[in-house]
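First the structure, in the form of structure tokens, and then the observations on it.
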Amino acid sequence: MRELLMNICPSAIWTIVVLEAVIAVLLFMHYRRERQTIALLTFLVTLGLILDALIIGVGSVLETGLLGMISPVRFIAHGILIPLLFPVCGYALGLRGSVMRILWIFTAVLMIAGAAEGFSTVLELKEIAGVIRYVSGEATPAWAELISRILSFGTVIPMMIIGVIVWIRQKTPFLFLSGFLMFVFSALGPATGNADLIFFISMFGELFMVLFLYLYVRKRVL
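Per my numbering, the sequence shown starts with residue 4, numbered consecutively.
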């Protein structure tokens with residue numbers, strides 16, 4: 004398995020970029036047609052994931068100096084946009100009024116913390132499987148690493164829980180599958196002894212996450 008992952012890594016990253024771009028276009032078209040806030044939020048999350056994968060993908064063709072200049076953008080974008088999964092869950096549940104306003108305040112705080120984490124991340128150059136990228140280095144403050152972990156797993160687990168509720172109420176498994184597959188692919192790296200490839204393996208989870216979010220968004224109006 005590891006040899007296969009190492010061989011397909013660069014080309015698979017670009018394939019994921021293209022597929023996520025297609026999903027982003029479909030989400031934006033759906034938002035323009037239906038004016039659903041949940042579609043717009045999912046579109047923004049997808050843009051963040053595309054940006055992340057794109058910067059990782061171009062690492063092998065850019066000079067390290069230029070790569071170092073643009074790499075912080077992917078950490079900052081991740082910190083700002085991933086928290087939008089919380090209001091996505093809120094709208095899926097049909098939350099309104101003061102409850103939704105509280106959720107938005109909570110999301111805004113996380114977005115600010117995520118931006119601070121992105122700006123505070125100390126980058127370190129790394130190469131594996133033909134992919135050159137900047138990663139969070141040992142000099143990154145502990146609080147920034149903690150926020151990064153919270154944003155990575157603190158969004159997916161609530162998605163699975165809310166997804167079960169939505170599955171029962173709305174008779175659609177798409178939201179649950181979105182969170183579940185993201186969780187599975189995030190855990191696959193360490194579980195298979197490929198923790199150093201988690202950045203790549205989790206990209207498949209991100210692709211499935213936005214795909215099933217798109218399917219869920221469409222289901223809401225069908």
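Where is the CB? At the ideal position from N, CA and C, for every residue including glycine.
8 Å Cβ cutoff met for residue i and residue j
i, j, result
"Leu87", "Tyr217", "no"
"Arg77", "Ile53", "no"
"Ile164", "Ala95", "no"
"Leu154", "Tyr219", "no"
"Ile150", "Gly117", "yes"
"Val213", "Glu23", "yes"
"Gly208", "Leu200", "no"
"Leu47", "Pro90", "no"
"Thr195", "Met4", "yes"
"Met162", "Ala56", "no"
Selected residue, minimal CA-CA separation from residue i, among the options
i, options, result
"Ala119", "Val159, Ser101, Gly100 and Ala145", "Ala145"
"Gly68", "Arg136, Ile16 and Val48", "Arg136"
"Val20", "Leu50, Pro75, Met162 and Ile115", "Leu50"
"Ser74", "Met206, Ser139, Gly97 and Leu84", "Ser139"
"Thr110", "Gly97, Leu126, Val125 and Gly93", "Gly93"
"Leu70", "Leu180, Leu98, Leu128 and Val102", "Leu128"
"Leu126", "Ile115, Ala142 and Val112", "Ala142"
"Ala190", "Ala56, Phe156 and Gly97", "Phe156"
"Arg152", "Pro176, Ile105 and Leu113", "Leu113"
Between the CA atoms of residue j and residue i - distance to the nearest angstrom
i, j, result
"Pro13", "Ile204", "12 Å"
"Gly60", "Glu130", "12 Å"
"Ile171", "Leu65", "48 Å"
"Ala147", "Ser123", "7 Å"
"Ile79", "Glu6", "32 Å"
"Leu225", "Ile168", "Reliability of the predicted coordinates at Leu225 is poor, the pLDDT of 45 falling under 50, and no value is obtained from them."
"Lys222", "Lys174", "10 Å"
"Gln39", "Ile11", "37 Å"
"Met9", "Ile16", "12 Å"
"Ala42", "Tyr34", "5 Å"
"Leu98", "Pro176", "19 Å"
"Val187", "Phe215", "14 Å"
"Trp107", "Ala198", "34 Å"
"Met32", "Ser63", "33 Å"
"Ser101", "Ile115", "21 Å"
"Leu180", "Ile160", "11 Å"
"Met103", "Val25", "30 Å"
Integer-rounded CB distance, given that residue j should sit under 8 Å from residue i
i, j, result
"Phe202", "Met185", "Actually they are not in contact, since the Cβ atoms of Phe202 and Met185 sit about 14 Å apart, beyond 8 Å."
"Gly82", "Gly121", "4 Å"
"Ile85", "Thr158", "6 Å"
Residue i - partner residues in DSSP beta bridges
i, result
"Val297", "Look at the range of the chain in this structure, 4 to 225, and you will see that residue 297 is not part of it."
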